[in-house]
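All remarks here apply to the structure that follows.
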Amino acid sequence: MRINHSSGSYEIYFLPVAIPNGIVITDENVFQTYSSLLEGRKTIILAPGEQTKSLESYGKLCQQLVQAGANRKSTLIAFGGGVIGDLVGFTAATYMRGVPYIQIPTTLLAQVDSSVGGKTGIDLPEGKNLVGSFHPPTEVQIDTSLLHSLPIREFRSGLAEVLKTAIIRSPKLAESFRLQPLVPGDSRIQAIVQECIGIKAQVVQEDEFETLGIRAELNFGHTIGHALEQITRYSKYTHGEAIAIGMAIETKLAVKLGLADKGLIESVEFLMTGHGLPIKAVELNEAKTIVDVMRKDKKSTDGQLSMSLVKSIGNCQLVQNINEEVVKEVLHESAKI
Ligand SMILES: NC(=O)c1ccc[n+]([C@@H]2O[C@H](COP(=O)([O-])OP(=O)(O)OC[C@H]3O[C@@H](n4cnc5c(N)ncnc54)[C@H](O)[C@@H]3O)[C@@H](O)[C@H]2O)c1
Ligand SMILES: [Zn+2]
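This is the structure:
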């Protein structure tokens, strides 16, 4: 599969992984499981988890690259989940004013979503992905056999992005997941990863820099999800869990705003719970704090709330100037249940 972007194109290979030449950046868990693939490679190993997508580890990684002798012609290899992909991508965008990088995603989330599209970034204590850049990889290698070692919680986290993709763009996929939830080792995984990446590829090619409201669709569930991640300091929920809750609440909001039928709430909740994902959180009680964080979301302008809301399965739209009081009401109501 080939992806075109403003400054070129890159290929996504669906093949058994072969680590290319370059400086590999990975995390401790991936290194422990796949060290045999990395023999003889210059490897930098980082701590696992969302906390690694920070200014501090970005600075440290840049210094480690200098120590490893990385120069303008070096290729960085992001071998890990979305955290490694986003951090390495951002580092590649800025190290020596930009070096190439290759994505070898090892989580379901990264294979269906984050490894493609060129969005890179790190979090700030004030909010998710607030520092970043568009810097497409030069190649992506997707090997679904790497998913066998994934803990169930991380598998489910990836399912949240799979479900998001289905809900915003594919009624057919959503229906298949309603009839038969996806489980680890499912024979449909390879085909579904390809289908989700195909949808993401189409969206990012239509709106590479998220200026037309099309790419923003991929943010369904993310405005509330990111706020939840931030107020719990990126440590309580996985990204997928947070956006599953976000999708459930944003659907209730769409209904409250008269954009969607009530039945959509049940459909979305059924998909989440059927895949072992949460749909509520005690923190929803902190409506004011959540809304304050949402105002800092990149889609918001002049402190106005904007969100990608689903009107029906397969039909998502960026909605601007959402009434803050209605959002708070929905958050409060959802916290009570
Ligand atoms: N750039 C984008 O377009 C984009 C899109 C979606 C999500 N994201 C970002 O992705 C991040 C989440 O990514 P993630 O869920 O992959 O998290 P992650 O990278 O933290 O990986 C999750 C956990 O799984 C472990 N792991 C990774 N691969 C493994 C394997 N094959 N076997 C066993 N353990 C393995 C990791 O060590 C980690 O503990 C978030 O920061 C989110 O913002 C970015
Ligand atoms: Zn996401």
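Residues in the sequence shown are numbered consecutively from 635, following the working numbering.
Using N, Cα and C, we set each Cβ at its ideal position, and we do this for glycine too.
Nothing here was measured: the structure is a model prediction, and the numbers come from that model.
Item, Value
"Gly761 versus Arg867: straight-line alpha-carbon distance, rounded", "9 Å"
"Three-way DSSP call (helix, strand, coil) for Lys972 in this model", "A query on residue 972 cannot be resolved here, the shown segment of the chain reaching from 635 to 971 and no further."
"According to DSSP, residues forming a beta bridge with His639", "Gly642"
"DSSP-derived helix/strand/coil call for Val817", "coil"
"Cα-Cα separation between Gly908 and Pro654, rounded to whole angstroms", "38 Å"
"Asp757 burial status per 10 Å Cβ neighbour count (16 or more: buried)", "buried"
"Thr923 (DSSP reduced to helix, strand or coil)", "helix"
"Complete runs of the alpha helix (DSSP H) confined to the region 698-770 [at least 4 residues]", "716-728"
"Per DSSP, cross-strand counterpart(s) of Glu773", "Glu645, Ile736"
"Check: Arg688 C-beta below 7 Å from any heavy atom of ligand 1", "The sequence shown places Ser at residue 688, not Arg. Checking the Cβ of Ser688 against ligand 1 gives no."
"Inside the region 826-889 only - alpha helix (DSSP H) runs reaching at least 4 residues", "856-865"
"Residue from Ile711, Lys933, Gln685 whose Cα sits closest to the Cα of Ala850", "Lys933"
"Residues of its chain near Gln828, where Cβ-Cβ distance is below 7 Å and the 5 sequence neighbours each way are ignored", "Phe648"
"Residue burial classification, Arg822 (beta-carbon count within 10 angstroms, cutoff 16)", "exposed"
"Buried or exposed by the 16-neighbour rule on C-beta atoms within 10 Å, applied to Ser643", "exposed"
"Extent of the continuous alpha helix (DSSP H) to which Ile899 belongs", "897-908"
"Among Glu690, Ala702, Arg706, Ser748, nearest to Phe713 - alpha-carbon criterion", "Ser748"
"Own chain, CB closer than 7 Å to Cys696, minus 5 neighbours either side, in chain order", "Thr725, Tyr729"
"Residues near Leu764 in its chain [Cβ-Cβ closer than 6 Å; skip 5 each side]", "Leu758"
"Backbone secondary structure at Leu943 - three-state DSSP", "strand"
"For Val953, the three-state DSSP class (helix, strand or coil)", "strand"
"Ile678 - DSSP class collapsed to helix/strand/coil", "strand"
"Stretch-stretch touch, CB-based, cutoff 8 Å, three pairs: the region 885-897 with the region 810-817", "no"
"Thr857 to Gly674 span [Cα, whole Å]", "42 Å"
"Cβ shell of Glu863 (< 7 Å), same chain only, five flanking positions each side left out", "Lys762, Tyr871, His873, Ala876"
"Whether Pro770 touches His639 by CB criterion (8 Å)", "yes"
"Exposure label - Gln938; buried when at least 16 CB within 10 Å", "exposed"
"Rounded separation between Gly719 and Tyr735 - CA only", "9 Å"
"Check: Ile877 C-beta below 7 Å from any heavy atom of ligand 2", "yes"
"For Ile659, the three-state DSSP class (helix, strand or coil)", "strand"
"Exposed unless 16 or more other CB atoms sit within 10 angstroms - verdict on Asp936", "exposed"
"Per DSSP, the bridge partner or partners of Gln938", "Thr935"
"Residue from Arg803, Ile833, Ala969 whose Cα sits closest to the Cα of Met635", "Ile833"
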